[in-house]
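Colleague:
4 protein chains.
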Amino acid sequence: MHNYFNKKIKVGIVGGTGYTGVELLRILIQHPNVDLTVITSRKESGLYVSDLYPNLRNHISLKFSSLDNPDLMNCDVVFFATPHGVAMSQARDLLKSGVKIIDLAADFRIKDIDVFEKWYKIEHSCPDILKTSEYGLVELNRSNIVKSNVIGNPGCYPTTVILGLIPLLDQSIPLIDVDDIVADCKSGVSGSGKKLEASGLFSESSDNFKAYSVSGHRHHPEIVSQIEKISGKKVNLTFVPHLVPMIRGMFSTIYVKILPHALDIDFQELFVKRYGSEPFIDIMPYGSLPETRSVRSSNNLRIAIYRPGNKDRLIILVTQDNLVKGAAGQAVQNMNLIFNIKETIGLESIAILP
Amino acid sequence: MHNYFNKKIKVGIVGGTGYTGVELLRILIQHPNVDLTVITSRKESGLYVSDLYPNLRNHISLKFSSLDNPDLMNCDVVFFATPHGVAMSQARDLLKSGVKIIDLAADFRIKDIDVFEKWYKIEHSCPDILKTSEYGLVELNRSNIVKSNVIGNPGCYPTTVILGLIPLLDQSIPLIDVDDIVADCKSGVSGSGKKLEASGLFSESSDNFKAYSVSGHRHHPEIVSQIEKISGKKVNLTFVPHLVPMIRGMFSTIYVKILPHALDIDFQELFVKRYGSEPFIDIMPYGSLPETRSVRSSNNLRIAIYRPGNKDRLIILVTQDNLVKGAAGQAVQNMNLIFNIKETIGLESIAILP
Amino acid sequence: MHNYFNKKIKVGIVGGTGYTGVELLRILIQHPNVDLTVITSRKESGLYVSDLYPNLRNHISLKFSSLDNPDLMNCDVVFFATPHGVAMSQARDLLKSGVKIIDLAADFRIKDIDVFEKWYKIEHSCPDILKTSEYGLVELNRSNIVKSNVIGNPGCYPTTVILGLIPLLDQSIPLIDVDDIVADCKSGVSGSGKKLEASGLFSESSDNFKAYSVSGHRHHPEIVSQIEKISGKKVNLTFVPHLVPMIRGMFSTIYVKILPHALDIDFQELFVKRYGSEPFIDIMPYGSLPETRSVRSSNNLRIAIYRPGNKDRLIILVTQDNLVKGAAGQAVQNMNLIFNIKETIGLESIAILP
Amino acid sequence: MHNYFNKKIKVGIVGGTGYTGVELLRILIQHPNVDLTVITSRKESGLYVSDLYPNLRNHISLKFSSLDNPDLMNCDVVFFATPHGVAMSQARDLLKSGVKIIDLAADFRIKDIDVFEKWYKIEHSCPDILKTSEYGLVELNRSNIVKSNVIGNPGCYPTTVILGLIPLLDQSIPLIDVDDIVADCKSGVSGSGKKLEASGLFSESSDNFKAYSVSGHRHHPEIVSQIEKISGKKVNLTFVPHLVPMIRGMFSTIYVKILPHALDIDFQELFVKRYGSEPFIDIMPYGSLPETRSVRSSNNLRIAIYRPGNKDRLIILVTQDNLVKGAAGQAVQNMNLIFNIKETIGLESIAILP
């Protein structure tokens, strides 16, 4: 393993025009160990990056280049902020050239190819690479990520739900009834990206609240596969995503039933112990009310535990910025790990409030 | 019972300065059978109503009067849009004068005085009147409301959760496990009224999402008392309210577990049958996604049922405008019933969209 | 002139899928003198109207039909809620069939064909009809509208700016320097319609404010042509539109310089006199602060006049709901006039607040 | 002058509970040359700062202390993020102890005491200190600020309007008619602070737009005094502030009339030249449309110039984050100057978008 502490990591981004793309740019431009060398875009090739994203004016001089830009092969790592299916199509060539891959889409999130193909309606083109890839949820999988060349960066909802459940499941026997888990999740509108769909218009989504994908959302199998792996059991998860009229922010309310053998456990303490040394996980004091704005633009994820009446139901509240810890920030956290630099570098800025 | 179809109902409002107050005014001013004669306010006595609420300019010439305005005694009905405790303090005198009462606060919502006093931290001053009062959820209790002189208008959250559960519970045996009900509820900011608290400021609640009162909310015992009455069983309800950065709108996502004996039931049909003739309940086609904006400013409440994978979990989505069906509109619906005029009069306007 | 007070007006809408379309529908469905018989849409032909606009569920049973629906010819009046250029292409046939036309686009707003073609980049296909058409600003042009068969419904910005200036200009000599008029105008996002453009996305336009079309906006020549007609002089208008992160609402701040001969005029009184009997224009008391929400969803337009320090500058604040008085409401106001029914019918509902 | 490049500046904040206070904290905590030693609050004395502002959790361990905390006297500089009148009451003692003062309120913004007392309704308690203080608009007054011990940090509106006019006024003869300047300004809601007033509630200010203080706003004399000083002439400024439903951001649209002798000037070039080397002023290419979000949370101020039809009117668009360049960021920029460290330190972070 090389130590990049004293030299720059050469970074490329494929598909830099969406919201995870611009957020990656914002973080990487300010990252002291990064040398951003290439950003591709199918549609915007030739355009100055700062002409598309006015917040980057005077901060970046690169233009978007086309997808086949050979400079990608000279990078140390390439981020894919693309639709599903793009990373897998370029992975083999990049790996051959010694380039590491961090995919912010779903190509390397789900190990079971049948499940992947059922939910994403595309054939997986590199099952062998998928096998060697790692799920980039650092707080779950840090030791494997460090050694990996291909990272499947977690989905935004899965990040909150899995991190909210880990302490209850990574036990010899789960502490909760895995047949009875409800995750009621809420996301800001940026979660659906910059797609031109009527539902994303201000006049359609402002001053409004709704559920969506209630019959089934692609993040469902991703969550299930991870929590089944952690708990070693089949789980029954009910997961309903909702859309909140705010730009950024994700809030998951998780409802579980404590098993009889676990009724005497101090769950607050359990969570504090499990995550105590994690730089980006904040277990709030009992009775706290996390808010999405408290982590806006930061890589922090906050958790509060409630056990009303000290009975057998536990409520776990989890909040993050969907574009940072739920996407670009977590991807950079993975990069820092892989390149053996301090995990928090470039990710320490304080949330913007108000 | 008198028929008011051809004469005007003389209406008074106590406490007309909050958001349920102005919404009552908006509806009642436009109600063809209503003669609005008195509006009181402790703080704003002497002020023109339209000076406080600019939308009412040129629509109402009344001033706020003081709480002891004797004209209240000459009304046919008085609405209380006041804090908890006010209606009970004036109820006896009004009833003696033959004035009917519709309380939009909680004084007549909970029959069990111990429960009321525990949650509302005030003594109930007229238990005898409470006994004769009726819970004003029309679709549950219409036949009793018609004959009543005192109505406890339901809370906003209870309206959605109870109406979302009735068809599953008003059976010889409930169709769902009453020990395992989760209601994850979301409200627009107007639900917390016009109180001057930092949490209600635009800069605090815009672009933000959070849960609140997770340890216990006053609407919890109200919901439980009604669904226990309906089902005839003790129920275990987990209820978490959340705050959405929108002015109006409420959305409840209810998670229940179908009992084995009920697995073959067509729940969509069950709901359609139960509510088919209700003018303000809309059971949407299977697969629909209700949105709060679709009922903004209207008295409609919309329900969609989901049963993912046709398994044993049912998800009920319920939406309403918290200030209309969840407060002022429902109160007027009760008034229409009590005065024997068409239930929908004054409540038929179409939701504002976009 | 026929009197429609006792019979229904048969109404058609061409292009009912945009925001002015759905607003027309909302108003016309609730209009007691209207029989809505046909709604066309190029893209949505065959779809139930209520499937596109959930607020209309259970209020309308029509489907969108294709543009060449012959039923249009049997209407008494057809509204065009279409892009510019559609109304003029169908006007001749409709008029031959005795159908009156109210165009919510710009085809009949500007009498000077050269100006029209320069700004709208399309040839005008029926200059003769344009000549006989009337500009549908009721408070300016009521007596001509009554007798007209073709109405060019004003643009949203022009409605506010022209109504804000009329009392100062329709004098033997204008009271203000027509060479020095600034109109700084702000619109909610619905003003740009339901177009699928990135700038209309929630994540792009929420929590943001900007000017647009600063070099020139199509409403500029429309305003200028009317105020030159009123004042009988060439005017120099500086007009800058801005986008506000709200769905509905328009606010224009107009800055003018009082001419020496007019310095002693009581401008508040002047405005009150000019508009005193207008049902939809509210001249607010001196010192008032109009707000867009005070007219949200209503057909009212509010004006407040300021003359700081009683010097030679006058500031006129004008607010309306861009979709109602600025579009669909004003169109229905025109219809009422043309069909000789009370001008306010169907337009009297109170603004929604909060 | 001391050079603090290699040691920490000891910083105190008086009144750290408002929005400019928390923004100061966010910036100063991340500032590599700052040692934050004391934060006072009258109301919150004893509370952990991070309990009031959840974004600061795990970033600061200080508690609020009382106003008379003697540690203030040991600071190198004290920021006042207080209501008007507080800084002047403590200035003398602090200065005696060698502590520099940066006041974010108005105590040291206006040199003319009569004007100050007329607008702020309080007596000025230290006219002698006021005389030696400097107006902290860096781009106007850098050379004097460097040598000063007391800075009056500019108001948010004045920052945009003055910077938008400087290049047109700091000439031997002004290039524009100083008798005819209109500044139509728009601010996000955070500009009015964390005051508990109904008008600041989400339900009152969301989905709404309005003007306020049209008869006169305290920033008017501040702007006028500076631009009269720059131009050497009496000016006639019409200034109307408006409230935008967004948390942060300020946008000023300035309308001026070019004088005959200046009609041939290339104004774009003029602005570029005047501000070319300014690290925080961005003169955008001709035709650009600045947006508030493009500078959200950053210390940048963006200007675009328009001259429609190349005639005699100039429109200047200016945008900034009212809490950063309009308050806390500018204050830190002043601190950097005074302590002789690089002006941009601690202020270089990229705006958050979307």
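From first to last, the protein sequence lines stand for chains X, D, Y and E.
Sequential numbering of the first sequence, starting at 1, is according to this note's numbering.
Sequential numbering of the second sequence, starting at 1001, is according to this note's numbering.
Sequential numbering of the third sequence, starting at 2001, is according to this note's numbering.
Sequential numbering of the fourth sequence, starting at 3001, is according to this note's numbering.
Even for Gly, the Cβ is constructed at its ideal location relative to N, Cα and C.
Indicate the three-state DSSP secondary structure (helix, strand or coil) for D/M1284 in the structure shown.
Modeller: In this structure, D/M1284 counts as coil in the three-state DSSP scheme.
Colleague: Can you tell me whether Y/M2001 is helix, strand or coil according to DSSP?
Modeller: With a pLDDT of 47 at Y/M2001, under the threshold of 50, the modelled position of this residue cannot be trusted, and the question is left open.
Colleague: So what does DSSP say about Y/H2380, is it helix, strand or coil?
Modeller: Outside the displayed span of chain Y (2001 to 2354) sits residue 2380 of chain Y, for which this structure offers no information.
Colleague: Which word fits X/I338, buried or exposed, when buried means at least 16 other C-beta atoms lie within 10 angstroms of its C-beta?
Modeller: X/I338 should be labelled buried.
Colleague: According to DSSP, what are the bridge partners of Y/C2185?
Modeller: For Y/C2185, which the question treats as bridged, DSSP gives the partners Y/P2241 and Y/S2252.
Colleague: Under 8 Å between the Cβ atoms of Y/I2181 and Y/L2237?
Modeller: Yes; because the gap between Cβ atoms is below 8 Å, this pair is in contact.
Colleague: On a CA-only basis, which of X/L56, X/L28 and X/G15 is nearest X/S41? Give me that one, please.
Modeller: For X/S41, the nearest C-alpha among the options comes from X/G15.
Colleague: Can you look up D/L1104 in the DSSP assignment and give me helix, strand or coil?
Modeller: Coil, per DSSP.
Colleague: Identify whether Y/R2274 lies in helix, strand or coil by the three-state DSSP scheme.
Modeller: It is helical.
Colleague: Could you check where the beta strand (DSSP E) with E/L3314 kicks off and where it finishes?
Modeller: That run of the beta strand (DSSP E) goes R3313 to Q3320.
Colleague: Please go through the same chain and pick out, in chain order, the residues whose beta-carbon is closer than 8 Å to the beta-carbon of Y/V2224, but skip the five residues on each side of it.
Modeller: Closer than 8 Å at Cβ, skipping near neighbours: V2235 and L2237.
Colleague: Taking the alpha-carbon of Y/E2123 as reference, which of Y/D2107, Y/G2136 and Y/L2137 has the nearest alpha-carbon?
Modeller: It is Y/D2107.
Colleague: Tell me, which residues are paired with E/Y3306 by DSSP?
Modeller: E/Y3306 is bridged to E/I3315.
Colleague: In the DSSP output, which residue or residues are listed as bridge partners for Y/A2211?
Modeller: Looking at the DSSP assignment, Y/A2211 forms a beta bridge with Y/H2242.
Colleague: Note down the Cα distance separating E/S3249 from D/K1010, rounded to an integer number of angstroms.
Modeller: Checking the sequence shown, residue 3249 of chain E turns out to be Gly, not Ser. So the two alpha carbons sit approximately 49 Å from each other.
Colleague: Does Y/V2150 come out as helix, strand or coil in the three-state DSSP assignment?
Modeller: Y/V2150 falls in the strand class under three-state DSSP.
Colleague: Cβ of E/M3001 less than 8 Å from any chain X Cβ?
Modeller: Caution is warranted here: a pLDDT of 47 is assigned to E/M3001, below 50, making its placement in the model unreliable, and no coordinate value can be reported.
Colleague: What three-state label does DSSP hand X/V99 in the structure shown?
Modeller: Three-state result, X/V99: coil.
Colleague: State the Cα-Cα distance for the pair X/E278 and X/E139, rounded to the nearest angstrom.
Modeller: One C-alpha to the other measures close to 7 Å.
Colleague: Would you mind working out which of E/N3153, E/I3166 and E/Q3171 sits nearest E/T3020, comparing C-alpha positions?
Modeller: Taking only the C-alpha atoms, the option nearest E/T3020 is E/N3153.
Colleague: Name the chain D residues whose beta carbon is nearer than 7 Å to that of E/L3056?
Modeller: The premise fails here: E/L3056 is roughly 15 Å from chain D at the closest Cβ pair, so nothing lies under 7 Å.
Colleague: Which partner residues of E/Y3048 appear in the DSSP bridge assignment?
Modeller: Paired residue(s): E/K3063.
Colleague: Among residues of its own chain, excluding the 5 on either side of Y/M2001, which ones have a beta-carbon nearer than 6 Å to its beta-carbon?
Modeller: Low local confidence applies: a pLDDT of 47 at Y/M2001 is under 50, so the model's placement there is unreliable, with the coordinate-based value given in what follows. Within the same chain, Y/M2001 has close Cβ partners N2340.
Colleague: Using a beta-carbon distance below 8 Å, is E/D3282 in contact with chain Y?
Modeller: For E/D3282, the answer is no, since every Cβ of chain Y falls outside 8 Å of its Cβ.
Colleague: What residue range does the alpha helix (DSSP H) around X/V78 cover?
Modeller: Element bounds for X/V78: not the alpha helix (DSSP H) but the beta strand (DSSP E), V77 to F80.
Colleague: Straight-line CA distance for E/D3035 to E/G3193?
Modeller: If you take the alpha carbons of E/D3035 and E/G3193, they lie about 26 Å apart.
Colleague: Please tell me whether, using a cut-off of 7 Å, the distance from the CB of X/N149 to the nearest non-hydrogen atom of the ligand NAD is below it.
Modeller: This structure lacks the ligand NAD; in fact it carries no ligand of any kind.
Colleague: Assign X/K195 to one of two classes, buried (16 or more other C-beta atoms within 10 Å of its C-beta) or exposed (fewer than that).
Modeller: So X/K195 ends up on the exposed side.
Colleague: Does Y/I2173 pass the burial test, meaning 16 or more other C-beta atoms within 10 Å, or should it be called exposed?
Modeller: Y/I2173 should be labelled exposed.
Colleague: Can you check whether the C-beta of Y/T2292 is within less than 8 Å of a C-beta belonging to chain E?
Modeller: Answer yes: the Cβ-Cβ gap between Y/T2292 and chain E drops below 8 Å somewhere.
Colleague: I'd like to know if the segment 3103-3121 of chain E and the segment 3075-3085 of chain E are in contact, where contact means that at least 3 CB-CB pairs between them fall below 8 Å.
Modeller: Yes, they touch.
Colleague: Could you confirm whether any beta carbon from chain X is found closer than 8 Å to the beta carbon of D/P1241?
Modeller: For D/P1241, the answer is no, since every Cβ of chain X falls outside 8 Å of its Cβ.
Colleague: Run down chain E in chain order and give the residues with a C-beta less than 8 Å from the C-beta of X/D207.
Modeller: Result: S3206 and D3207.
Colleague: For D/M1246, would you say it is in contact with chain X, using Cβ-to-Cβ distances shorter than 8 Å as the test?
Modeller: At least one chain X Cβ lies under 8 Å of D/M1246.
Colleague: Between which residues of its own chain and E/Q3226 is the CB-CB distance below 6 Å, once the five residues before and five after are set aside?
Modeller: Hits under 6 Å: I3162.
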